[in-house]
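Protein chains: 2
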Amino acid sequence: MADTASMNVGLEVAAPADLAEYTRQVASRAKQAARQLAMATGGQKNDWLKRSAELIRERSKALIKVNEGDCTAAQAAGLSAALIDRLRLSEPRLEAIARGLEQIAELPEPVGEVFDSTVRPNGLLVTRVRVPLGVVFFVYESRPNVTVDAASLCVKSGNAVILRGGKEARLSNRALADLLIEALGITGLPRDAVQLVDTTDREAIGHFLKLHDQIDVAIPRGGRSLIERVAAEATMPVLKHFDGVCHVYVDAAADLAMAEAILINSKCQRPGVCNAAESLLVHRDVAARFLPQAGKSLRAKGVELRGCERTRAFIPEARPATEEDYRTEYLDLILSVKVVDSLAQAIDHIEIYGSHHTDTIVTNDLSAAREFTGRVDSAAVLVNASTRFNDGGEFGLGAEIGISTDRFHARGPCGLKELTSYKYVVHGTGQVRS
Amino acid sequence: MADTASMNVGLEVAAPADLAEYTRQVASRAKQAARQLAMATGGQKNDWLKRSAELIRERSKALIKVNEGDCTAAQAAGLSAALIDRLRLSEPRLEAIARGLEQIAELPEPVGEVFDSTVRPNGLLVTRVRVPLGVVFFVYESRPNVTVDAASLCVKSGNAVILRGGKEARLSNRALADLLIEALGITGLPRDAVQLVDTTDREAIGHFLKLHDQIDVAIPRGGRSLIERVAAEATMPVLKHFDGVCHVYVDAAADLAMAEAILINSKCQRPGVCNAAESLLVHRDVAARFLPQAGKSLRAKGVELRGCERTRAFIPEARPATEEDYRTEYLDLILSVKVVDSLAQAIDHIEIYGSHHTDTIVTNDLSAAREFTGRVDSAAVLVNASTRFNDGGEFGLGAEIGISTDRFHARGPCGLKELTSYKYVVHGTGQVRS
């Protein structure tokens, strides 16, 4: 979808004459702004969030009008109705964006939090204090609301952000970013704390990715090819979120009614997202009791099933699954199914075919739950709950900029705290080292 | 120093015929071992640490004999006496290495710790559990004890480690690694949890740095050129520790006797390390009272001073400081000195010339201390204490694999916890998302 969504639609923005110089200037302004923003109070940042929400409500009609330009261009370029729907801003959607800003204002201030402290035998008080990462380079391909979500999370966590959105939302992104920047000015924060890259020239991304002296982290959000490109070219750390090939494993000791509810929810509640289930594993001891009924329910929801031979003995309508099926993130109403001989086989299957994103076990067996959560190496491992819960809001982070499939720095949903670093602040009374 | 220490000394180990294949095999074995090691108990890992300590004591004579080979080769190659001294193993040094292993065994088990939890309104218990990073590629240039330090920290934190030491310590590193690997076998842990790269061919590093599917983090420890090379070539995250251009700032409200003690300790207690002070900033209001006496004490300790004009008015023996002096990590008994007009000027100077490593203020003024700790953007910012405290042991981490000057993942001293990641483990009772 990402590649389609990035098709060349609408007017191309002329690239600045010297991309290298342009990107350096943008990054250098961001770094200046980040230093000021790091010292801003939570009150100032929350004023900005609330003022931005007000401006979005006040100017909803104008924003919708601008957005129509993007939608018309997308239609002319032949984008699918689904993609155009994702692109479209409406009064309810703008209201949701405004409410999102207000919700982020209500979250606790992350910067300056002393989250760890030790008093050493010599009396030194050693503390760790949360500080912003600095400058975030955020590259995205999706809906215009992401412009506001990303900017609000970055600024609330004290980071300056360089936004590089997809060209299909170019006009909408510009209007929303201008509004956020205006609100920065009104509330006395550095206007360069939010910058939207003025060109959709893809080469600009490469230039930004070289500037590790100015940019502290690159966060790509979009299709696999975008993320792989950013990961390959970046000279600074990257926070990636790759595919979710997520599993529901129905254990021998599962409550089968619970298993069915969790399976249906994991697969069908929103099939197009990364934490939706793509594969079902069923212990052979319960396959005969579980699969016929579960298969019926799934098919009633319009889910196409692709199963192993043992699966197809219980669900004749299922097509045969290939090796490739078990590795595939369908993002659609399709589910691969496999009957396994044991918990160990389920765990091995998840290790081989999964993407270390989100996996759940349904069981009432304590040792099975313990083994599954211990040995499955995924960002989120659940017991008796839907995979769809792997989400910043659902986990209590308030909001998220993405779900990291990395192990470094942050794993799973990334909210305000995951956009911070820390420093050691040490208070002494004249201590020297002997 | 790093470049000198890496001079071609001793016998060159023949590179395996196919470096790409060799490095892939090493990394693949490490990844297998990491999966097993992640499930090992703290007891097993501690047994390995203690057994390794015993073996080091039992075989100290043999280890010293092997080490003599490295030292003789280093002499023949004309390495300085100081470098050869760093290389040399002795009974007391081996005893210190053995004790280090036992101390790491006494540290709390990091893997499996539930360090964060929330109960959500729907009853979901959301926890974060500490897990190993996976495979660490550790490249170092220094003394043979680092082989043991790095392996012990990596394995205790559940990580498999690929060690690539400097060629000057080749024989000693091999003997120590063999001993650690033997102890892995004895205690039932995977022998591939510790691997020492069999070639000192520098090209091998480049091959390892491409293997981001197998290696989770690269940690270079050595001179700037090594670290820059690893950072530039790595396709996986890198934990870097760059120069320490560390400052002591003597504020207008400083207790001048305390300031002198902290300054002398920061500069002279061990001048060759990254957290030693390289630059002194003095508020103009106390320059006349502080500098003559401090200069005298420093010179009595053999410290060469390089100062600004105002400094030289109070310490005529000081040589004029150049711009370059203020950026230099001397790692020697040399100190740059500057008189500043204000706290703000001191902070700006540290931002421009410092390396964001370790900086201390000496003051009794609460608001000055607060401003300094808030605005100085360094891994460790201290008040009324020596810069030399920025150290894993001194901060209570038990031991450290290095001091990170990065902002991502870990900043400052990196101990066992900094060698871990986490996963979300979520316990439900059948919850689905609505």
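Protein chains in written order, with this note's numbering: chain A, 1 to 434; chain B, 1001 to 1434.
Built from N, CA and C at the ideal position, the CB exists for glycine as well.
Note that the coordinates shown come from a computational prediction; the quantities given were computed from them, not determined experimentally.
Query: Could one say the Cβ of histidine 283 (chain A) lies closer than 8 Å to chain B's Cβ atoms, at least one of them?; Result: no
Query: Give me the chain A residues within the contact set of glycine 1396 (chain B), using Cβ-Cβ distance strictly less than 8 Å, ordered along the chain.; Result: Thr118, Arg120, Val126
Query: Valine 1230 (chain B) and alanine 261 (chain A): beta carbons closer than 8 Å?; Result: no
Query: Quick one: Cα of glycine 1123 (chain B) to Cα of glycine 1430 (chain B), how far?; Result: 10 Å
Query: Return the chain-ordered list of same chain residues with a C-beta closer than 7 Å to the C-beta of leucine 1209 (chain B), the five sequence neighbours on each side being excluded.; Result: Ala1218, Val1230, Glu1233, Ala1234, Thr1235
Query: Any idea if glutamate 1418 (chain B) is buried or exposed, counting beta-carbon neighbours within 10 angstroms, 16 or more meaning buried?; Result: buried
Query: Quick one: does valine 1066 (chain B) have its CB under 8 Å from some CB of chain A?; Result: no
Query: Apart from the five residues on each side of it in sequence, which residues of its chain come closer than 8 Å, Cβ to Cβ, to aspartate 1391 (chain B)?; Result: Asn1275, Glu1400, Ile1403, Pro1413
Query: Quick one: grab the DSSP three-state call for threonine 41 (chain A).; Result: coil
Query: I want to verify the contact list: residues of chain B whose CB lies under 9 Å from the CB of histidine 427 (chain A), in sequence order.; Result: Ala1369, Thr1373, Leu1382, Val1383, Asn1384, Ala1385
Query: Roughly how far, in whole angstroms, is the beta-carbon of arginine 143 (chain A) from the beta-carbon of arginine 202 (chain A), given that I think they are within contact range, below 8 Å?; Result: Actually they do not touch by this definition, with Cβ atoms about 20 Å apart.
Query: What does a CB cutoff of less than 7 Å around leucine 291 (chain A) pick up in its chain, not counting 5 residues either side in sequence?; Result: Val282, Thr311, Phe314, Ile315
Query: Mind listing the chain A neighbours of isoleucine 1197 (chain B)? Cutoff is C-beta to C-beta under 9 Å, in chain order.; Result: Per the sequence shown, the amino acid found at residue 1197 (chain B) is valine instead of isoleucine. Within chain A, no residue comes near valine 1197 (chain B); the closest Cβ sits about 22 Å away, beyond 9 Å.
Query: Which same chain residues, not among the five before or five after alanine 385 (chain A), have their C-beta less than 8 Å away from its C-beta?; Result: Ile262, Thr360
Query: Counting Cβ pairs closer than 8 Å, one from the region 177-190 of chain A and one from the region 51-61 of chain A, do we hit at least three?; Result: yes
Query: Closest Cβ-Cβ distance between arginine 1407 (chain B) and chain A: below 8 Å?; Result: yes
Query: According to DSSP, is glutamine 36 (chain A) helix, strand or coil?; Result: helix
Query: Cutting at 6 Å between CB atoms, please list the residues of its own chain near asparagine 1008 (chain B), excluding the five before and the five after it.; Result: Residue placement at asparagine 1008 (chain B) is flagged as unreliable, the pLDDT there being 37, under the threshold of 50; a coordinate-derived value is accordingly withheld.
Query: Give me the Cα-Cα distance between serine 80 (chain A) and lysine 167 (chain A), rounded to the nearest whole angstrom.; Result: 16 Å
Query: Does DSSP put alanine 1318 (chain B) in a helix, in a strand, or in coil?; Result: coil
Query: Give every residue of the same chain whose Cβ lies closer than 6 Å to the Cβ of glycine 428 (chain A), excluding the five residues on either side of it in the sequence, and list them in chain order.; Result: Leu124
Query: Ordered along the chain, which non-local residues of its own chain (more than five positions away) have a Cβ less than 6 Å from that of arginine 319 (chain A)?; Result: Arg306
Query: Below 8 Å on the Cβ atoms is my guess for valine 1197 (chain B) versus isoleucine 1227 (chain B); work out the distance and round it to an integer in Å.; Result: Actually they are not in contact, since the Cβ atoms of valine 1197 (chain B) and isoleucine 1227 (chain B) sit about 18 Å apart, beyond 8 Å.
Query: Here's the rule: buried if 16 or more other CB atoms are within 10 angstroms of the residue's CB, otherwise exposed. What is glutamate 278 (chain A)?; Result: buried
Query: If you draw a straight line from the C-alpha of alanine 5 (chain A) to the C-alpha of alanine 169 (chain A), how long is it?; Result: Model confidence at alanine 5 (chain A) stands at a pLDDT of 37, short of 50, so the residue's coordinates are unreliable; what they give is reported in the following sentence. Near 10 Å, if we compare the C-alpha coordinates of alanine 169 (chain A) and alanine 5 (chain A).
Query: Taking the alpha-carbon of arginine 130 (chain A) as reference, which of B:Arg1388, B:Val1129, B:Asp1377, B:Gly1398 has the nearest alpha-carbon?; Result: B:Asp1377
Query: Using C-beta distances below 8 Å, list every residue in its chain close to leucine 335 (chain A), excluding the 5 sequence neighbours before and after it, in chain order.; Result: Lys267, Ala277, Glu278, Ser279, Leu280, Leu298, Val303, Glu304, Leu305, Arg306
Query: When the cut-off is 8 Å and only beta carbons count, does tyrosine 1330 (chain B) lie next to chain A?; Result: no
Query: Would you list, in sequence order, the uninterrupted alpha helix (DSSP H) runs of no fewer than 4 residues that lie entirely inside the region 1272-1325 of chain B?; Result: 1284-1300, 1309-1314
Query: Given this structure, state the Cα-to-Cα distance separating glycine 43 (chain A) from valine 111 (chain A), to the nearest angstrom.; Result: 12 Å
Query: Are any of the Cβ atoms in chain A nearer than 8 Å to that of valine 1217 (chain B)?; Result: yes
Query: Along the chain, where does the alpha helix (DSSP H) containing aspartate 1178 (chain B) start, and where does it finish?; Result: 1170-1186
Query: Report yes or no: is there a C-beta of chain A within less than 8 Å of the C-beta of tyrosine 1422 (chain B)?; Result: yes
Query: Determine which residues share a DSSP beta bridge with glycine 1402 (chain B) and list them.; Result: B:Cys1414
Query: Taking the alpha-carbon of threonine 1023 (chain B) as reference, which of B:Leu1133, B:Thr1072, B:Thr1199, B:Met1039 has the nearest alpha-carbon?; Result: B:Thr1199
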